[in-house]
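A short worksheet on the structure shown next.
Protein chains: 2
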Amino acid sequence: MTVTSPQGFRASGVAAGLKSSGKQDVALVVNEGPQHVAAAVLTSNRVHAAPVAWTRQAVKDGVARAVVLNSGGANACTGPEGFADTHHTAEHVAAALTGAGQETGAGDVLVCSTGLIGIRLPMENLRKGVDDAVAALAADGGPDAALAIMTTDTVAKTTHVPGPGGAAWSVGGMAKGAGMLAPGLATMLCVLTTDASVDAGTADAALRAATRTTFDRVDSDGCMSTNDTVILLASGASGVSPTEAELAEAVRAACADLARQLVADAEGASHDIAITVRNASSEDAAVAVARAVSRSNLFKAAVFGNDPNWGRVLSAVGTVPEEVAPFDALALDVAINGVQVCRAGGVGEPRELVDLASAREVLVDIDLHAGDAEATIWTNDLTHDYVHENSAYAS
Amino acid sequence: MTVTSPQGFRASGVAAGLKSSGKQDVALVVNEGPQHVAAAVLTSNRVHAAPVAWTRQAVKDGVARAVVLNSGGANACTGPEGFADTHHTAEHVAAALTGAGQETGAGDVLVCSTGLIGIRLPMENLRKGVDDAVAALAADGGPDAALAIMTTDTVAKTTHVPGPGGAAWSVGGMAKGAGMLAPGLATMLCVLTTDASVDAGTADAALRAATRTTFDRVDSDGCMSTNDTVILLASGASGVSPTEAELAEAVRAACADLARQLVADAEGASHDIAITVRNASSEDAAVAVARAVSRSNLFKAAVFGNDPNWGRVLSAVGTVPEEVAPFDALALDVAINGVQVCRAGGVGEPRELVDLASAREVLVDIDLHAGDAEATIWTNDLTHDYVHENSAYAS
Chain A
1 MTVTSPQGFR
11 ASGVAAGLKS
21 SGKQDVALVV
31 NEGPQHVAAA
41 VLTSNRVHAA
51 PVAWTRQAVK
61 DGVARAVVLN
71 SGGANACTGP
81 EGFADTHHTA
91 EHVAAALTGA
101 GQETGAGDVL
111 VCSTGLIGIR
121 LPMENLRKGV
131 DDAVAALAAD
141 GGPDAALAIM
151 TTDTVAKTTH
161 VPGPGGAAWS
171 VGGMAKGAGM
181 LAPGLATMLC
191 VLTTDASVDA
201 GTADAALRAA
211 TRTTFDRVDS
221 DGCMSTNDTV
231 ILLASGASGV
241 SPTEAELAEA
251 VRAACADLAR
261 QLVADAEGAS
271 HDIAITVRNA
281 SSEDAAVAVA
291 RAVSRSNLFK
301 AAVFGNDPNW
311 GRVLSAVGTV
321 PEEVAPFDAL
331 ALDVAINGVQ
341 VCRAGGVGEP
351 RELVDLASAR
361 EVLVDIDLHA
371 GDAEATIWTN
381 DLTHDYVHEN
391 SAYAS
Chain B
1 MTVTSPQGFR
11 ASGVAAGLKS
21 SGKQDVALVV
31 NEGPQHVAAA
41 VLTSNRVHAA
51 PVAWTRQAVK
61 DGVARAVVLN
71 SGGANACTGP
81 EGFADTHHTA
91 EHVAAALTGA
101 GQETGAGDVL
111 VCSTGLIGIR
121 LPMENLRKGV
131 DDAVAALAAD
141 GGPDAALAIM
151 TTDTVAKTTH
161 VPGPGGAAWS
171 VGGMAKGAGM
181 LAPGLATMLC
191 VLTTDASVDA
201 GTADAALRAA
211 TRTTFDRVDS
221 DGCMSTNDTV
231 ILLASGASGV
241 SPTEAELAEA
251 VRAACADLAR
261 QLVADAEGAS
271 HDIAITVRNA
281 SSEDAAVAVA
291 RAVSRSNLFK
301 AAVFGNDPNW
311 GRVLSAVGTV
321 PEEVAPFDAL
331 ALDVAINGVQ
341 VCRAGGVGEP
351 RELVDLASAR
361 EVLVDIDLHA
371 GDAEATIWTN
381 DLTHDYVHEN
391 SAYAS
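Chains A and B, in that order, give the protein sequences. The numbers in full-length UniProt numbering rise by one with no breaks, and the one at position 332 of the first sequence is 332. The numbers in full-length UniProt numbering rise by one with no breaks, and the one at position 198 of the second sequence is 198.
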């Protein structure tokens, strides 16, 4: 139930020696058509990796035949040489696919990388990996590809969303990401595939709408990556043309499923926290307030300690400027896992009624009493394991 | 070398049973004149504690005779009852001082509280503490007052800055704050005293200028408090009227000294990190870039692991919007403790040359090559002890 679930795709995942662990680290997803529509949403970080710069350019025409992804190195902050490495990787994939009978130009190969920043990729290993990946391409290769893009992920993340009412088309997907999860986008790579017949504009609109309310609302640690990439490939192999709304909903559902899986596997987390802000003056206001709470290290550490510390929620809410989110501080209500711990900006039900020790999910519900808009941001608690993984990651 | 170092002040610190530890928890600083000038800078958090609302109002006329401070309870998010508690505290201090021969109105008593949010203060204990504090007032009571405002601080923070060139006036001060340190202001209470003869406008301007470049540039954990208060009291007891510039510089030096002490004692920290951004297009741009780096949990966890992870510096720099801080990502230089680990957005000197294991101070120097403005933000690393202290604090 992954990128090879829709018709018209082959994929593979191989070990090329980029990871010191020897695990799979090069993935390839190939769209065999008949259509080769592509769209991508990329990190808004101004310090972006070479593959992001490449992919942004390569996807502009709305066409792509393949996506090559490597873990074991982000190829970010690697200068002109790093960009040349990405360019060369795309050329190597194109030549290998063409040699295998699938005529492909380098400009139709999208590239994604993930791993440490500031280190060049070992190109000899990567070339060999690409050759092996082309040879291993299979119609059931999706699970291998999903394994090969993992970094600190503990499980592979895949999804498959059928079209509405038993339609003959569907959306498949895979993603990686466990740390550096923050908006615009989370630190993640994601490839979605569909056998629906759609044009590039429709694919792009569906993907942008989907990421805005899914991946962009995961904020594991407030850190925006240099490499985030979400790609949608459409093969048209089902022969079915869904409506724009049908496509958008299937893509959104696939992104939402993968985003929830990212949160569940965030580095070192012991709780998944959903911060819902309701009765805001606008959706943007709701997002801003939820985002402020999702970035409070104090609140996140309290949740790790199973402490429903609503005072830390309110102190984070209060940092949002009035022009961004109008509200009356003396009207704020907060419920945690259904217990109304704060009422009208003051003490509500006893916090002892909230049992976080036996809950993985923490639902924080903030009522601004300032309108009727709503949004939810997902984050995680701040744990010893988060500190451990991120202080030891590079060593 | 504290609030009672300048002439015209008495202070005290007593144990009133607000802290379960039985340690000192009520402090009093009294300005005996002949002048009773006061200024205050207060948290910009929209969810602010009752004492902040009180002090904002009480200091408006530029006059105050006393500051009463309690640890062991923030009196934040406590509703109208919490505000009544603060009002009553000020009245009680005024009555006790008047009874002791120092005619004082409640409106000339500033109030500060620190501790847990969302819990009412035990007023009977506090009243008794105020009575004891008035009885204990002494011309050498500054050190006791500094002890009584501590929460998770491990050491008391005090300062004393003489006027220029052996002048007869000086600035003394005390502060508390160890967690929830972030701009506008850090989670902290600070009382400064001076025996200079100044008017309220000059005192206010000096205090605002000083906090802008000192306390506002400490960002221990990105969390803004509900209770931050910095107060300056001027007695005029020296009979000397310094120039505005002389006063401003002495107040700035006192704030800078206390701010550095706060960083050095931040909860669970093993490194103090100074992030200097130079050659920015404006001071605001430099602050925005430095602030973004200071809030990167990933970079701060790397520093805890003694890893000079400049890729995480760059990925944080890249999150600042271009309209806030123009720069070319391919021109960025980063040095860590003097080693140029990143040059022109790419790999510089080997990161192994940076020895963080034996350094408490980590100096991150970011050159934007976009102008000639500069700013420094101080922060700390993200450690197991930070997580521990903040997950166990309320329990």
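Virtual Cβ for every residue (Gly too), placed ideally from N, Cα, C. Computed from a prediction, not measured in an experiment: that's the story for all the values here.
Check: Extent of the continuous beta strand (DSSP E) to which A/SER113 belongs; Outcome: 109-113
Check: Coarse secondary structure for B/GLY311, derived from DSSP in three states; Outcome: helix
Check: Backbone CA spacing between B/TRP169 and B/GLU32 [nearest angstrom]; Outcome: 15 Å
Check: Rounded separation between B/ALA392 and A/GLY305 - CA only; Outcome: 6 Å
Check: Ranges of the beta strand (DSSP E) found wholly within the region 37-105 of chain B, counting only runs of at least 3; Outcome: 37-42, 66-70
Check: Nearest neighbour of B/ARG65, chosen from B/THR229, B/LEU262, B/LEU42, B/ALA11 [CA to CA]; Outcome: B/ALA11
Check: Same chain only: Cβ atoms within 8 Å of B/ASN297, ignoring 5 sequence neighbours per side; Outcome: LEU382
Check: The region 246-258 of chain A touching the region 350-365 of chain A, judged by at least three CB pairs closer than 8 Å; Outcome: no
Check: Chain E residues whose Cβ lies nearer than 9 Å to that of B/MET224; Outcome: The structure shown contains no chain E; the protein chains it does contain are A and B.
Check: Sequence ranges, alpha helix (DSSP H) only - wholly within the region 251-337 of chain A, length at least 4; Outcome: 283-294, 297-304, 310-317
Check: 8 Å contact criterion, which B/PRO34 and B/ALA237 should meet: CB distance rounded; Outcome: 7 Å
Check: Sheet register partners of B/MET174 (DSSP bridge); Outcome: B/THR158, B/VAL191
Check: Spatial distance of A/ALA40 from A/THR55 (CA atoms); Outcome: 8 Å
Check: Cutoff 7 Å: B/VAL354 Cβ touching any chain A Cβ; Outcome: no
Check: C-beta neighbour in chain A for B/ARG46, strict 7 Å; Outcome: yes
Check: Chain A contact for B/ILE117 (CB, 7 Å cutoff); Outcome: yes
Check: Given 8 Å, three or more beta-carbon pairs between the region 191-210 of chain A and the region 343-353 of chain A; Outcome: no
Check: is_contact[A/SER281, chain B] using C-beta, thresh 7 Å; Outcome: no
Check: Cutoff 7 Å: B/HIS369 Cβ touching any chain A Cβ; Outcome: no
Check: Within chain A, the residues that residue 402 of chain B reaches when beta carbons sit closer than 9 Å; Outcome: In this structure chain B extends from 1 to 395, so residue 402 of chain B is not present and cannot be described.
Check: Simplified DSSP assignment, three categories, for B/VAL240; Outcome: coil
Check: Cα-Cα separation, A/VAL198 to A/HIS88; Outcome: 30 Å
Check: Length of the line joining the Cα atoms of B/ALA182 and B/GLY222; Outcome: Residue confidence is low: B/ALA182 scores 46 on pLDDT, short of 50, so the model does not pin down where it sits. Its coordinate-derived value is still stated next. Taking the straight line from one Cα to the other gives about 5 Å.
Check: Local conformation of B/THR211 per DSSP, three classes; Outcome: helix
Check: 7 Å Cβ cutoff met for A/LEU147 and A/ALA156; Outcome: yes
Check: Interface flag, B/HIS384 vs chain A, CB-CB below 7 Å; Outcome: yes
Check: Interface partners of B/ARG295 on chain A, CB under 7 Å; Outcome: GLY222
Check: Any chain A beta carbon closer than 7 Å to B/ASN390; Outcome: yes
Check: Per-residue contacts from B/PHE304 into chain A (C-beta, under 7 Å); Outcome: VAL387, SER391
Check: Backbone secondary structure at B/VAL130 - three-state DSSP; Outcome: helix
Check: Local Cβ density within 10 Å of B/ASP284, reported as buried at 16 or more and exposed below that; Outcome: exposed
Check: Extent of the continuous beta strand (DSSP E) run through B/ALA375; Outcome: 373-380
Check: Assigned secondary structure, B/SER225 (DSSP; H/G/I helix, E/B strand, else coil); Outcome: coil
Check: Length of the line joining the Cα atoms of A/PHE83 and A/GLY141; Outcome: 28 Å
Check: 8 Å contact criterion, which A/LEU258 and A/LEU232 should meet: CB distance rounded; Outcome: No, A/LEU258 and A/LEU232 are not in contact; Cβ-Cβ is about 12 Å, not under 8 Å.
Check: Boundaries (first-last residue) of the alpha helix (DSSP H) holding B/ASP367; Outcome: From DSSP, B/ASP367 is part of no alpha helix (DSSP H) but of the beta strand (DSSP E) over 361-367.
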